[in-house]
Every structure is written in C-alpha cells, then in structure tokens.
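Single-structure report; data block below.
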Amino acid sequence: MKIRSDILRTYQSLHTWTGITAGLLLFIGFFAGSLTMFSSAINDWATPPDYQLPQVESGQHDVLLQQVLSLNPEALKGVSVSFEEASSPVSWYGHGSARGFSMDDQVWHATLNEQGDMITELRHVNELSMLVDYLHRSAGIIGELGHDQAGVYVLGVAAFLYFIALVSGVIFLLPSLVKSFFALRKEKGANRFWLDSHNLVGIASLPFHIIIAVTVIVFSFHDLFYGGLSQVYGDKPMFGGGETHKEIRYELKDLPSLDDIKQATLTYAPGYEVKSISLSRLTTAHPSATVMIVSERTLMRGPHNDYVFMNPFTLEINSSSVTSDHGQQGIWGAVVTSFFGLHFGSYGGELGRWLYFVMGLGGAFLFYSGNLIWLEKRRKKQSTKQSRSSHFMANLTIGVTLGCLIGLAGTFAASKWLTLADWNINIAYMWVYYTLFLSTMASAFIIGAARFSIIGLSLFIALCIMIPLNSMIALALPSIGIWSPNSMADFGIEMGAIGFALAACYALKRARQRVYEGEVDSIWYCPKMSKQPHVRSRVA
Amino acid sequence: MSQTDKIQPHWWSKTLAGVFAGFFLALGLVGIFAWVGPTGLTEQITPEQRSWKTQFNMWMITPVWCLILSFVYMFKTGKQAWFYLGSSAVLSIAIVYALRSYL
Chain W
1 MKIRSDILRT YQSLHTWTGI TAGLLLFIGF FAGSLTMFSS AINDWATPPD
51 YQLPQVESGQ HDVLLQQVLS LNPEALKGVS VSFEEASSPV SWYGHGSARG
101 FSMDDQVWHA TLNEQGDMIT ELRHVNELSM LVDYLHRSAG IIGELGHDQA
151 GVYVLGVAAF LYFIALVSGV IFLLPSLVKS FFALRKEKGA NRFWLDSHNL
201 VGIASLPFHI IIAVTVIVFS FHDLFYGGLS QVYGDKPMFG GGETHKEIRY
251 ELKDLPSLDD IKQATLTYAP GYEVKSISLS RLTTAHPSAT VMIVSERTLM
301 RGPHNDYVFM NPFTLEINSS SVTSDHGQQG IWGAVVTSFF GLHFGSYGGE
351 LGRWLYFVMG LGGAFLFYSG NLIWLEKRRK KQSTKQSRSS HFMANLTIGV
401 TLGCLIGLAG TFAASKWLTL ADWNINIAYM WVYYTLFLST MASAFIIGAA
451 RFSIIGLSLF IALCIMIPLN SMIALALPSI GIWSPNSMAD FGIEMGAIGF
501 ALAACYALKR ARQRVYEGEV DSIWYCPKMS KQPHVRSRVA
Chain G
1 MSQTDKIQPH WWSKTLAGVF AGFFLALGLV GIFAWVGPTG LTEQITPEQR
51 SWKTQFNMWM ITPVWCLILS FVYMFKTGKQ AWFYLGSSAV LSIAIVYALR
101 SYL
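Top to bottom, those sequences are chains W and G. Residue 1 is where the first sequence starts when you use UniProt numbering, and the numbers rise one by one after that. Residue 1 is where the second sequence starts when you use UniProt numbering, and the numbers rise one by one after that.
Shown next as structure tokens:
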C-alpha cells in the first residue's frame, strides 16, 4: 500500500510522542489489569482459610436471613446473601460500604452452627485484588479528584494518546505491513527483533486495544459526556421519567422468600445461575434487590457477573444487564453491555479470562518494547556517551516497569505474613507496594538502567519464588499461622508466580548479555564492576 | 509535490482543534443522532429503553471524538484544521439547538 511520505512522517512522529508519553502509565495499567482477571482467586488465596464462615445448606438461607434482619437493624440498609460455596452465606457492612474506594471496610459475616443458632463475626475486608485493581485503574497515582482517584483521569488522558498511537502506528506500518507482518528477524540485530515483535503483537491484538482505549476514556470521563448530553437533550429526561412512585412502606414480614426472588430472576433470565442476592433499603419506600447471576455462555456486563435489579417485595424487575426476551434493552443495550463485557473480559468463562490475561500481558509488552525501540533509534553510533535524555528514559523505563513488577511480587510475597499482625491489612499492602516501587525507581536512577536491570530482575525472581516458598514454610511449620493453598485456584496463583519467575530468568539471561557483552555504543552496555570501578560517574 | 502542498506539523494548533472543536463536533453529531436517529428523543419509549439509549449515545461520543483526534493531523495546516472542524462543530451544534427548540 502506498501512502504519501509526508503523511507517513507526520504519523511516525505522532506515534513516537504519544507512545513515549503514555506508554509507562499504560504498562502499569495493563500488567495490573491482566492480574485482575483472577481477582477472586487472588482474594481467596490471600485470605486465611477460616476467614469466610461455612456455607449453610440450601433452604437455610431464609432462616438465617430472618434472624440477621431481626437482630441487626443496620443490616436492613444492605445485606447480601451468597450461594457460593467459598463465601459466608450472609454478610453486611459494619463499616464502609461496597461502593467506593476505602481501605478500612469491615464486614459482618453470619452463618448457622449445627444447632441452628446464628454465629456472627466482624472482619476487615482483605482485598489484595483491590490493590491490584487500584493500580489497574489509576497506575498508582496518588490523590483524589472529585469522586474518583486522580490517577483515573490521568489514565483517561493516556487512553486518548493510546488511541492516537494505535491509529498512527497502523498508518505508518501499512506500507510494509504485508511484507513484514509475520517476520521476526532475529538475525538483523536486537533492534529489528524488538520492532518486529512490537508490530506483530500490536497488529494481532489491535481490536482488543481499540476496545480498551475507548472504554477507558468512557470510564474516566463519562461525567463530562453525560454533562454534554444533558445540554443536547434540553428538557428531555436522560434517565427514568414518566413513572410515578407510589409511596408504599413495605413490611418486612411481607418479604418474599429468597427462592421466590431466585425464581423471578431465572424466569427473566433463563440459563443463568444465581450467585448472590443483595437486598438494600428494605424498610424504605424504595427497596431494591440486586441479583448477581453468572453464565459462561454469554457476554456479561460486570467483571464477574450480570445483574438483575428488582423490587424484592413485588418482584417487579426494574432493569438488568441481561439481554432477555422479557427485557427492553434492544440493540442499544446490547452494544453498551458489549462494551463493558469486552473491557472486563467477562465472557467465555475461564478460557476468556486466560485469553484476556495473555492479551493484557501482551499489551504491557507492547509499551515496554515501544520504549526500547525509541531508545535504540536515538542511539549515537560509535560512541560510549549517549545523550542525557536517552539515559533518563532508560532509567525511567526500567524503574517504572520493574518497580511495578517488584512492588506487586513483594506485596504478594508478604501478604500471608502481614495477616499475622493485628493491623489493617489493606493499608499494609499499600505501604509494601509503594516502598518497593519508589525504592526501585530511585535505585534505577542512582545505579543506572543497564546495571539495575540485572539487580532488579534478580530481586523480582527472588520475590516470585518467595510466594510458593511461603506455602512450603506453612506446611513445614504450621504453628506460625500462615497457610498453604487449599484450592485449585489458590494453587494456580502459586504456579503463576513460578511462571513469572521463569520468564524473568530468561529475561535476566538476555539482559546480562545485553549489558556485559552487547555493543559498546548501546545505552545498555556496562562493563563488569570488576573491570571498571568508575562506572558510576559515567552513568550518573 | 512542492513544499507548500506537504502537511505542515503545526502540532499544537491541530491538537487543540481536535480536542476542542473535535469534542463539540462529536457531541453535535451524537446529538443529531439522539434527536432524529432511531429510538429518538421525540418517540414515546419506556424508562428502561430511554436509559439504554442514553447510555448508548454517551458511549458514541468517544469513538467519534477519538477518530477526529486521530485524523486531525491530516489537515495541511493548523488553520485549516480549525476552520473545517470549527465550522462543522458550530453547524452541528446549531442543528442540535434547532432540533431542541422545534421538536
């Protein structure tokens, strides 16, 4: 395909500058995002085995719910009933709420013992996945803006740059696309190899990346867009309108049984399975039941499930995220739901999650390799002295990418030990992550990217190996109080850690070659410490 | 091709045209669609249908805006970008305003 050379040049610069400004933020977003695919496994792995109370037999949920509601008035505001094996049958927030970002949420768990008496316990919500999700949505940028974290808006802006980078990358790749798409030229030097794999990954997962860019922008700026739309709409209502609310006070004794709610849901959405039911505002004029349902055969709107919203007393369905014969979503609802589902990867069950995990890591690779290509392009040939901006960018690239990896691996490695002390575990996670991230950044700048890449990768490998090692310690010395995996999903987390360690071992081997035996005019070249004691002054 | 036919960089003015004029053009186009497109604002629809259509309209702003932002650099100069995007934005918003007043 032939494209005018001035267009190519314009879009090449555009790709370079959008990529280099947004790439590292997106790296964190993508790496953490690919881990969020397994967030429930992560939480389960990080929570002590006796944290959730035992599930009750089916049919007993109603008995338990009645006892909870009569003895704990605060549960009337919001209580959830779970039918999943691994979670407490009934729980409600004692402090905080399910919405928003808070680190000191406490939840009451309730179950029935063998005699049929109610047992309740108040526990901190241990959400290791919340840290991962927080990094995914904000790249770890601290601060709040309005009702969201500042980082969310920063990533929203980065997503614009990312979209432009995708379009411009495709445009300036088009002329050579057919010729070199599947080419992975190893023999033409490292730079060529990075470039080829960058292009291959980028083009192969282009639809995924376009979806992610668009959805991230909407997630960050929907308030602005709704604001604009409300001007367009004028007097027309955007939501609701038309219906009149009868002021009815509902009596708790009229609450239908959970089975009735389940039945109403399944009639509306056949083929689904009910995961949990959350009842809220039960004694007000606007009671609501949110039924979370799962199906592996459809595209789901939420990260883990679909929703049906109904009035728990009348069993009238208000809205849902399911496209059903009974609903009125039509084509518009289907498209909107698809956008959500395609971002969250909540379709195709386990296989879909793995696919998104791989594509997320592929995205992280795309941004890392993009930075490497930038550095290689600016290499000053036949000179051991490279420009300051190259050194800065190399340090920043290594600092941020390894900082994120080391921070997360360290938090996972420390997680079980942190539960032993009596503090708020979620705040402890934050401390571990930020300490590791910031000290990694600082070390990369002090020691220099080339040499630090070796130290950093070694540390990452050590922390990854710590994760299964902790389980061995737990097996050998059960008295300490940490625990080993007790489910396939838990085991998967530890296998994943070993997988990351192996991948990092390979990267370490290649990095060693690049640093010690690579070309002398490369930014990555560094003689061994023993051969050149003054190396520090050169890098700094 | 002579030097004057080639695309000039004009990064700042083109980017700003894409961000500001582009946003209003995207909003205007989505607005026209919201009023006269299928399941439009003049039709009698249930609250649930309205909720989904409004969400859909909101979602459409982003892809339109992003495409404008991506291709604004095809304009030869920043002035041209501002002229064409700006006038289309004004026109589309004017149409929306007219629809809002008369429908």
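Glycine included, every Cβ here is placed at the ideal spot set by N, Cα and C. All values derive from a computational prediction rather than experimental measurement.
Pick out the complete alpha helix (DSSP H) segments inside the segment 14-85 of chain G, 4 residues or longer, and give them in chain order.
22-36, 47-71
Does the Cβ of residue 389 of chain W have 16 or more other Cβ atoms within 10 Å, making it buried, or fewer, making it exposed?
That one is exposed.
Given residue 41 of chain G, which residues of its chain have a CB within under 7 Å of its CB, disregarding the five upstream and five downstream residues? 34, 35
For this session: Name the residue from W:305, W:345, W:196 whose alpha carbon lies nearest to the alpha carbon of residue 370 of chain W.
Result: Checking every option, the nearest Cα to that of residue 370 of chain W belongs to W:196.
Tell me whether residue 39 of chain W sits in a helix, a strand or coil according to DSSP, three-state version. helix
Going straight from the alpha carbon of residue 420 of chain W to that of residue 482 of chain W, what length do you get?
7 Å
- Query: Residues in the segment 21-40 of chain G with C-beta within 7 Å of chain W's C-beta atoms, listed in sequence order?
  - Reply: 27, 31, 34, 39
Coil, strand or helix - residue 10 of chain G by DSSP: coil
Item to complete: Excluding the 5 residues preceding and the 5 following residue 33 of chain W in the sequence, name in chain order all residues of the same chain whose CB lies nearer than 6 Å to its CB.
Response: 136, 360
* Report all residues from its chain with a CB closer than 8 Å to the CB of residue 404 of chain W; omit the five preceding and five following residues, and keep chain order. => 27, 28, 31, 32, 135, 140, 437
Check your understanding: Would you say residue 236 of chain W faces chain G, with C-beta separation under 8 Å as the test?
Key -> yes
Query raised in the report: If you follow the alpha helix (DSSP H) that residue 309 of chain W is part of, which residue opens it and which one closes it?
Result: Residue 309 of chain W -> not in any alpha helix (DSSP H); beta strand (DSSP E) instead, spanning 306-310.
Fill in: Interfacial residues, the segment 50-66 of chain G to chain W, with Cβ spacing under 7 Å
50, 51, 52, 53, 54, 55, 56, 57, 58, 59, 61, 62, 63, 66
- Message: Considering only their Cβ atoms, is the gap separating residue 6 of chain W from residue 53 of chain G smaller than 8 Å?
- Response: no
- Cα-Cα separation, residue 44 of chain G to residue 423 of chain W: 56 Å
Q) Would residue 253 of chain W be called buried (16 or more neighbouring beta carbons within 10 Å of its own) or exposed? A) exposed
Within the 8 Å Cβ cut-off, does residue 7 of chain G reach chain W? yes
Using the Cβ count rule (16 or more neighbours within 10 Å means buried), how would you classify residue 249 of chain W? Label assigned to residue 249 of chain W: exposed.
- prompt: Any Cβ of chain W within less than 8 Å of the Cβ of residue 13 of chain G?
  reply: no
Practice problem: Run the CB neighbour count on residue 280 of chain W, radius 10 Å, all protein chains shown included, and call it buried at 16 or more, exposed below. | Solution: buried
Between the beta-carbon of residue 508 of chain W and the beta-carbon of residue 461 of chain W, is there less than 8 Å?
Yes, these two residues count as a Cβ contact at 8 Å.
field: Neighbour flag for residue 492 of chain W against chain G, beta carbons, 8 Å
entry: no
Hey, which unbroken runs of the beta strand (DSSP E) at 3 residues or more fall wholly within the segment 308-381 of chain W? 317-320
Exercise. Name the residues in the segment 196-210 of chain W whose C-beta lies less than 9 Å from a C-beta of chain G; which are they?
Worked result: 210
Report task. Kindly list the residues whose CB is nearer than 7 Å to the CB of residue 56 of chain W, restricted to its own chain and excluding five residues on each side of it in sequence; keep chain order. Result -> 64, 89, 111, 112
| said: Extract the residue ranges of the beta strand (DSSP E) inside the segment 239-309 of chain W, only unbroken runs of 3 or more that lie entirely within it. | reply: Here the runs fully enclosed are 273-280, 288-294.
Would you list the one or two residues that DSSP bridges to residue 108 of chain W? W:92, W:122
Problem set entry | Three-state class that DSSP yields for residue 144 of chain W in the structure shown | strand
**Prompt:** Would DSSP call residue 149 of chain W helix, strand or coil?
**Reply:** strand
Can you determine whether any heavy atom of the ligand SAM sits closer than 7 Å to the C-beta of residue 364 of chain W, and answer yes or no? In terms of ligand content, the structure shown is empty, and the ligand SAM therefore cannot be addressed.
| query | What residues from chain W crowd round residue 69 of chain G, counting only those whose CB sits closer than 7 Å? | reply | Taking the beta carbon of residue 69 of chain G as reference, the chain W residues within 7 Å of it are 160, 164, listed in sequence order.
Query - Three-state secondary structure (DSSP) of residue 96 of chain G - result: helix
N- and C-terminal bounds of the beta strand (DSSP E) containing residue 79 of chain W
78-82
- Quick one: does residue 15 of chain W have its CB under 8 Å from some CB of chain G? no
task: Compute the distance between the beta-carbons of residue 133 of chain W and residue 257 of chain W, then report whether it is under 8 Å.
output: no
Worksheet item: Closer than 8 Å, CB to CB, is residue 152 of chain W near chain G or not?
Response: no
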